[in-house]
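Residue numbers (this note's numbering), protein chains in the order written: chain D, 878 to 1042; chain Z, 29 to 445.
So this is what it looks like as structure tokens:
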């Protein structure tokens, strides 16, 4: 009985108390930006085909984990590219760097660009003009194999070389 | 065929994408019941359901279902204390809905069963179409009453989904409802970040075949490219006052940290060396920036004073520490490689003590809730990314599996109230 009395009293007290904390609700409004309608898929028309299939890289160079040094087994292919480019200065080479999924996306973006840069540095050292080379990093965003194992990762740690007009 | 596909995708969007599964509950959740005071209205039931779900999602509450109750009091006076003590219920939350004119307000009071007394009474003012958000405010008030920490039910989450080759940047309420697509693209979107006033976002988009940072006004959808460059620009981070944006770019040949003043577009370069410097994050006072650098041969976290440019290394343990952000002024959260796995860890800056917080594999992109007590991160099981989270004080862990496609790059909104 006493308890009930107290609770009734306390309810009265609370009702009587005008300082109940009050909050006002805010609702956020947003707008969608849709790029898919206007965005073209990356055009393959720009890629000069030298006996390679549409959209395929002319050469793919592989790298070790968290590393941007060129492996010895990549050098002969790069010398070949260098020779091609020096014999025809109209060629422009696009070097796309990629990383495997391990580690953070942003660090992988920087790492992938450094891989592409390593290819550029090698080619310029062999006498190719850096004006004819474009470098871009895609990080872990475009894996060739989406699986999570060493086989997939070793394929994804790569630089892809395309000739563009 | 294309049209059919489109309809398919759109109809999918009506479902809440975030379904939360508690993987580890609190050792002793607080047991409560939520009842409508002196009424049993449809809108009352709806509100009670939203609040119940919010509280259950924390893993720190057990909310009794209606059919588990021994008696159903209409108000505090009718509470039969014995019934509730028998069920080991801590408190009863009474909800009152005031649906007058164009307003929909919710009053709530917390009745402590053992004291047999009302402990707290509050009121949330809203509109009928903000019913969910008003209910979340009530949930947050209840959470704070019991745990002394601000609740996060009324906050929002931003994340990236990928279905086939369509990437979407989405924000939704923290329970996955009210999903809104901010950007839809054929190319990757990474590193989304909220401004501190929650009115704008920044992110990296590959829509022009390289990494570029855009800011976007949430209400108008107006986008701005922050820096036009042939090199990559990435990893945006809003300064605490939203006047500046820190970012990483290779515009000077190698990945370095910069700060751009968003008003006059003046750029300051902070780092200068041949290593990778990326992933800047501001200290809460805006005086320092922490970032990832591999200048020692492996990625580690460094700190730089924005004004004096004095640097110091923060992480010493392990061969991979990256993507750090401040949990509070003395603690940072980062991605740490332990043995073969990448996990989320915290580092106490005073004691230099590193604690690994997660036990999943290939964890990345940690983001901290505005109450500083919950971390959501991206992880991978099989070929698909999904989100997982941990509550630092209660050790509750949970996951948010993607219902379709991939779910990644979470970013927690600041408090929106």
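Don't be surprised by glycine CBs; every beta carbon is placed ideally from N, CA and C. All values reported here derive from a predicted model rather than from experimental measurement.
What is the DSSP secondary structure of residue 417(Z), counted as helix, strand or coil? Strand at residue 417(Z).
At a Cβ cut of 8 Å, what residues of the region 136-159 of chain Z count as close to chain D, listed as they run along the chain? Residues of the region 136-159 of chain Z with a Cβ closer than 8 Å to any Cβ of chain D, in chain order: 137, 144, 145, 146, 149, 150, 151, 152, 153, 154, 155, 157 and 158.
Any beta-carbon of chain D closer than 8 Å to the one on residue 165(Z)? Interface residue, yes.
Residues that residue 186(Z) bridges to, as DSSP identifies them: According to DSSP, residue 186(Z) shares a beta bridge with 199(Z) and 439(Z).
Here's a check: name, in chain order, each residue in its chain whose Cβ is nearer than 7 Å to the Cβ of residue 143(Z), leaving out the five neighbours to either side. Correct list: empty, nothing qualifies.
Is the beta carbon of residue 370(Z) closer than 8 Å to that of residue 1016(D)? It is not a contact, given that the beta carbons lie outside the stated cut-off.
Cα-Cα separation between residue 52(Z) and residue 179(Z), rounded to whole angstroms: Straight through space, the alpha carbons of residue 179(Z) and residue 52(Z) are spaced by roughly 19 Å.
How many angstroms separate the CA atom of residue 290(Z) from the CA atom of residue 913(D)? Going by the C-alpha atoms only, they are around 28 Å apart.
Can you list, in chain order, the residues of the region 978-989 of chain D whose Cβ is nearer than 9 Å to any Cβ on chain Z? Of all residues in the region 978-989 of chain D, 978, 979, 980, 981, 982, 983, 984, 986, 987 and 988 have a Cβ within less than 9 Å of some Cβ in chain Z.
At which residues does the alpha helix (DSSP H) containing residue 171(Z) begin and terminate? 159-175 is the span of the alpha helix (DSSP H), which, as asked, contains residue 171(Z).
When we look at the beta-carbon of residue 1023(D) and count the other beta-carbons within 10 Å, is it buried (16 or more) or exposed? Exposed, since its Cβ has fewer than 16 Cβ neighbours within 10 Å.
Interface flag, residue 327(Z) vs chain D, CB-CB below 8 Å: At a cut-off of 8 Å between beta-carbon atoms, residue 327(Z) makes contact with chain D.
Taking CB distances under 8 Å as the criterion, tell me whether residue 908(D) reaches chain Z. Cβ-Cβ to chain Z under 8 Å: yes for residue 908(D).
Does the distance from the C-beta atom of residue 288(Z) to that of residue 255(Z) stay below 8 Å? Cβ atoms of residue 288(Z) and residue 255(Z): closer than 8 Å.
Note down the Cα distance separating residue 487(Z) from residue 138(Z), rounded to an integer number of angstroms. Chain Z is shown from 29 up to 445; residue 487(Z) falls before or after that span and cannot be answered.
Just to make sure I have the definition right: I need the residues of chain Z whose C-beta is within less than 9 Å of the C-beta of residue 912(D). Which are they? Near residue 912(D) (Cβ distances below 9 Å), the residues of chain Z are 211, 212, 213, 214, 215, 233 and 235.
What does residue 944(D) reach in chain Z if we use C-beta pairs closer than 8 Å? Listed along the chain, the chain Z residues whose CB falls inside 8 Å of the CB of residue 944(D) amount to none; the nearest CB is some 11 Å away.
Quick check: residue 153(Z) and residue 910(D), are their CB atoms within less than 8 Å of each other? Contact annotation: residue 153(Z) and residue 910(D) have beta-carbon atoms that are not nearer than 8 Å.
Taking C-beta to C-beta, are residue 92(Z) and residue 59(Z) nearer than 8 Å? Contact: yes.
Quick one: residues in its chain with C-beta nearer than 7 Å to the C-beta of residue 99(Z), no 5 flanking neighbours on either side, listed in chain order? 108 and 111.
DSSP state of residue 956(D) mapped onto helix, strand, coil: Three-state DSSP puts residue 956(D) in a helix.
Is there a C-beta anywhere in chain Z that falls below 8 Å from the one on residue 995(D)? Chain Z places no beta carbon closer than 8 Å to that of residue 995(D), leaving this residue out of the contacts.
Of all the options 410(Z), 132(Z) and 360(Z), which has the alpha carbon lying nearest to the alpha carbon of residue 403(Z)? When the alpha-carbon of residue 403(Z) is set against those of 410(Z), 132(Z) and 360(Z), the nearest one is in 360(Z).
Strictly under 8 Å for the Cβ-Cβ distance: is residue 903(D) near chain Z by that measure? Chain Z, which has a Cβ nearer than 8 Å to the Cβ of residue 903(D), makes this yes.
Give the DSSP-derived three-state secondary structure of residue 113(Z) in the structure shown. In this structure, residue 113(Z) counts as helix in the three-state DSSP scheme.
Mind pulling the chain Z residues with CB within less than 8 Å of residue 1023(D)? Neighbours of residue 1023(D) on chain Z, chain order: 411.
If you count every other CB in all the chains shown that lies within 10 Å of the CB of residue 1008(D), and 16 or more means buried, which is it? With fewer than 16 Cβ atoms within 10 Å of its Cβ, residue 1008(D) is classed as exposed.
Could you tell me whether the Cβ atoms of residue 524(Z) and residue 298(Z) are closer together than 8 Å? Only positions 29 to 445 of chain Z appear in this structure, which leaves residue 524(Z) out of reach.
Do the region 166-177 of chain Z and the region 76-83 of chain Z make contact, defined as three or more Cβ pairs closer than 8 Å? Short answer: they touch.
Quick one: residues in its chain with C-beta nearer than 8 Å to the C-beta of residue 362(Z), no 5 flanking neighbours on either side, listed in chain order? Within its own chain, the residues whose Cβ lies closer than 8 Å to the Cβ of residue 362(Z), once the five positions on either side in sequence are excluded, are 329, 343, 349, 350, 351, 352, 353, 372, 373, 374, 375 and 394, listed in chain order.
What residues of chain D sit near residue 93(Z), judged by a beta carbon separation below 7 Å? Within chain D, no C-beta atom comes nearer than 7 Å to that of residue 93(Z); the closest sits roughly 25 Å away.
On the criterion of 16 or more Cβ atoms from any shown chain inside 10 Å, does residue 415(Z) qualify as buried, or is it exposed? Classified as buried, residue 415(Z) has 16 or more neighbouring CB atoms from the shown chains inside 10 Å of its CB.
Taking buried to mean at least 16 other C-beta atoms within 10 Å of its own C-beta, is residue 126(Z) buried or exposed? By the 10 Å Cβ count, residue 126(Z) comes out exposed.
Quick check: the Cα distance between residue 24(Z) and residue 282(Z), rounded to an integer number of angstroms? Any answer about residue 24(Z) is impossible in this case: the structure gives chain Z only from 29 up to 445.
Taking the straight line between their C-alpha atoms, what separation do you get for residue 22(Z) and residue 1005(D)? What the structure shows of chain Z is the stretch from 29 to 445, and residue 22(Z) is not part of that stretch, so it cannot be assessed.
Determine the direct distance from the alpha carbon of residue 963(D) to that of residue 956(D), and round the result to whole angstroms. If I take the Cα positions, the gap works out to 10 Å.
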